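Read through the structure below, which is laid out as structure tokens, and then see the notes.
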């Protein structure tokens, strides 16, 4: 068994939607990032890479590389999953937090779980997503950013 932890945070910026877990969510803002700024998929990707003893997502997909501009974060996750399979591991479960005041995550939770399960080729019962707030404290609490955390447990394939 191997365990990995991932974290990401993206600042909010003007816009009308954001992407979390590969799901487009209507919001009065977007997230700023070099790729599509999907903080949840970034955290899950880093958790898988960490469990494998690999460097972080930025090492493989540097923001300085123009090929990553507006890139779909599902590409990053697929890369990590390919590495995981090559090392003969599979996902036992994923547990994650989305930390924001807005939007409320509960209306999108099921869609996010289903999409992550699809991207990872696992059952949705192996994925958990929780919406959290920071009680109006710090950048996430003030609505200046959205942060995510993910823990991934890998088991031998």
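Residue numbers (our numbering): 1234 to 1390.
Ideal Cβ positions, reconstructed from N, Cα and C, are used throughout, including at glycine.
The structure presented is a predicted model; accordingly, all values stated were derived computationally and were not measured.
Sequence-distant residues of the same chain with beta carbon closer than 7 angstroms to residue i, five excluded per side
i: residue 1355; result: 1324
i: residue 1378; result: 1242, 1243, 1244, 1245 and 1372
i: residue 1287; result: 1316
i: residue 1336; result: 1258 and 1260
i: residue 1274; result: 1254, 1255, 1306, 1307, 1309 and 1310
i: residue 1376; result: 1245, 1334 and 1335
i: residue 1293; result: 1312
Whether residue i touches residue j by CB criterion (7 angstroms)
i: residue 1385; j: residue 1307; result: no
i: residue 1364; j: residue 1314; result: no
i: residue 1328; j: residue 1367; result: no
i: residue 1310; j: residue 1251; result: no
i: residue 1321; j: residue 1390; result: yes
i: residue 1270; j: residue 1381; result: no
Opposing strand residues paired with residue i [DSSP bridges]
i: residue 1380; result: 1242 and 1332
i: residue 1389; result: 1322
Near the ligand FMN: residue i beta-carbon under 6 angstroms from a heavy atom
i: residue 1300; result: In the structure on display, the ligand FMN does not appear, and there are no ligands present to speak of.
Own chain residues within Cβ distance below 6 angstroms of residue i, not counting five before or after
i: residue 1234; result: 1388
i: residue 1279; result: 1239, 1289 and 1290
i: residue 1282; result: 1313
i: residue 1357; result: 1346, 1347 and 1350
i: residue 1268; result: 1301, 1304 and 1306
Same chain, Cβ closer than 8 angstroms to residue i, five either side skipped, listed in chain order
i: residue 1374; result: 1334, 1366, 1367 and 1368
i: residue 1263; result: 1245, 1246, 1247, 1248, 1249, 1250, 1251 and 1270
i: residue 1318; result: 1390
I want to know whether the region 1295-1305 touches the region 1333-1350 - three or more CB-CB distances under 8 angstroms.
no
Taking only runs that begin and end inside the region 1294-1338, name each unbroken beta strand (DSSP E) of 3 or more residues, in chain order.
1322-1332
I'd like the ranges of any beta strand (DSSP E) spanning at least 3 consecutive residues and lying wholly in the region 1238-1292.
Taking only runs of at least 3 residues, the beta strand (DSSP E) segments lying wholly in the region 1238-1292 are 1250-1253 and 1256-1259.
Report the start-end ranges of each beta strand (DSSP E) in the region 1341-1375 that is 3 residues or longer and not cut off at the edges.
Counting only runs of at least 3 residues, the region 1341-1375 fully encloses the following beta strand (DSSP E) elements, listed from N- to C-terminal order: 1360-1365.
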